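Beneath this line is the structure, given in structure tokens, with notes to follow.
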Amino acid sequence: MKKFLITGILMIVCACATTSHLPEWQEAAFRDIENYKTSFLAGKESIAEAHFNRARGALSA
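The sequence shown: position 44 = 44 (our numbering), numbered continuously.
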């Protein structure tokens, strides 16, 4: 009985430990949106616009 309990706990821990990676386009879009927000709030509108357009391109692809 004790072996089944330990096995069950180990299975649950192993199932929760797996991670899935985000696709590259999602990572790129998130990074560009964050850069857009930082640049826009710093008053660098031309740089912010470039980041925003890159993020839109990544999301539409």
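In this text, a Cβ means the ideal position worked out from N, Cα and C, and glycines have one as well. Source: prediction; values computed, not measured.
Per-residue burial, residue i [other beta carbons within 10 Å of its own, 16 or more giving buried]
i   : result
A15 : exposed
H51 : buried
Cut-off 6 Å between Cβ atoms - residues of its own chain near residue i, not counting five sequence neighbours on either side
i   : result
A28 : A58
Proximity of residue i and residue j at Cβ, strictly below 9 Å
i   : j   : result
D32 : A61 : no
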